[in-house]
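Start counting at 1 in the sequence shown, then tack on 224, and there's your number in the working numbering.
We put the CB at the ideal spot given by N, CA and C, even for glycine.
Because the structure is a prediction, the values reported are computed rather than measured.
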Amino acid sequence: MTIPPRVLTVAGSDSGGGAGIQADLKTMLALGVHGMSVVTAVTAQNSLGVQGAWELPAEAVRAQFRSVVDDIGVQAVKTGMLSSAGLVTTVAELLAPLGVPVVVDPVGVSKHGDPLLAADAVEVVRTRLLPLATVATPNLDEVRQITGVVVDGEPAMREAAAAVLKCGPRWVLIKGGHLSGDAVDLLTDGSSEYWLRAPRHDNRHTHGTGCTLASAVASFLARGMDVPEAAQAAKEYVTGAIEAGFPLGGGIGPVDHAWRQR
């Protein structure tokens, strides 16, 4: 019996099923790995926004992590919503000795603009979490939150990448989806540079894109790809998921994680 690669998401729950651990686990299933989860927070969330969020105690996060890692093991980890300085510190302490690829999605705000990271946690993300990242995947709002760099076009994405790399990740994938024109992302380790381009689909239902991309990168790393291969494969997967995104409720619907199976 073949055992699939195992990938762990350390993130918040999205009750609407479009982002967070729900999006992560759907992505992992679609990409042929076994997904596992450490829930860091519970949100009341739907297509219109986040109506409430409740952080789990550090001991609950630590217990979930040890339960999974010590018995089942992992080939890659993806982090998402960590919300507070205390949680970021706890997760960083757990990840430091692990020795597997770590994809850090430094979640700062939701698709609807709701804050998901406390102001005093930003410095801890910079100094404790990003240095552990094999790949960091900030969007342009998160770049500004972490580094102060404002990206208003493709040329500034290089400056943004350099600023994030100073925090210590091995690679950074700057997501340029908030710019106009083609959907372009920049992957670099400071020496090699890859521009990942895809047509921009006329579809407003894009909830969960960031979670999905980071989870896809982690899944492909667990399957043995190197970082550039994993990022390109993840870009192709999330582009198809965006194209197939569908309406739910009265607001922004989710991307379709199962687009290849439908």
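- Close CB contacts of ARG350 within its chain, under the 8 Å cut and outside five residues either way in sequence, are with ILE370, CYS391 (chain order).
- Judged by DSSP secondary structure, MET381 falls within the alpha helix (DSSP H) whose first and last residues are 378–389.
- PHE470 sits away from LEU255, with the two beta carbons spaced by 8 Å or more.
- The region 392–423 is shown to contain no whole alpha helix (DSSP H) run of 4 or more residues.
- Burial is judged here by how many other beta carbons sit within 10 angstroms of a residue's own beta carbon; ARG428 has fewer than 16 and is exposed.
- Across the structure, ILE296 and ASP376 are spaced so that their CA atoms are roughly 44 Å apart.
- Within the same chain, Cβ atoms closer than 6 Å to the Cβ of GLN246 are found at ASP238, the five residues on either side in sequence being excluded.
- Scanning its chain for C-beta atoms nearer than 7 Å, with the 5 sequence neighbours on each side dropped, one finds around ASP344 the residues ALA309, in chain order.
- Counting the other CB atoms within 10 Å of its CB gives ALA446 a total of 16 or more, which places it among the buried residues.
- Excluding sequence positions up to five before and after THR251, its CB lies within less than 7 Å of the CB of THR436, SER439, ALA440, SER443, HIS481, all in the same chain and listed in chain order.
- The DSSP-derived three-state label of LEU319 is helix.
- In the three-state reduction of the DSSP assignment, VAL333 falls in the strand class.
- For THR430, the three-state secondary structure derived from DSSP is coil.
- Annotation for PRO325: ALA300, THR358, LEU445 place their beta carbon closer than 6 Å to its own, counting only its chain and skipping 5 residues before and after.
- Membership of ASP238 in the beta strand (DSSP E) is indicated by the continuous run 230–238.
- The C-beta of ILE466 has 16 or more other C-beta atoms within 10 Å across all chains shown, which makes the residue buried.
- Classified as buried, VAL327 has 16 or more neighbouring CB atoms from the shown chains inside 10 Å of its CB.
- Taking VAL331 as the centre and dropping the five residues before and after it, the same chain places the C-beta of GLY304, MET305, LEU340 closer than 6 Å to its C-beta, in chain order.
- Distance from ASP406 to ALA422 at the Cβ level is roughly 7 Å; contact confirmed, criterion being Cβ atoms closer than 8 Å.
- Restricting attention to ASP365, LEU354, PRO321, the CA atom closest to the CA of VAL312 is found in LEU354.
- Comparing C-alpha distances from SER415 to each of SER404, LYS399, GLY400, TRP395 shows the shortest one belongs to TRP395.
- In the structure shown, GLN269 adopts extended strand secondary structure according to DSSP, grouped into three states.
- Here ARG484 is exposed, its C-beta having fewer than 16 other C-beta atoms within 10 Å.
- Of the candidates LEU364, THR226, LEU356, THR430, the residue whose Cα lies closest to the Cα of LEU410 is LEU364.
- For ARG368, same chain residues with a beta-carbon under 6 Å away, outside a window of 5 residues either side, are VAL374 in chain order.
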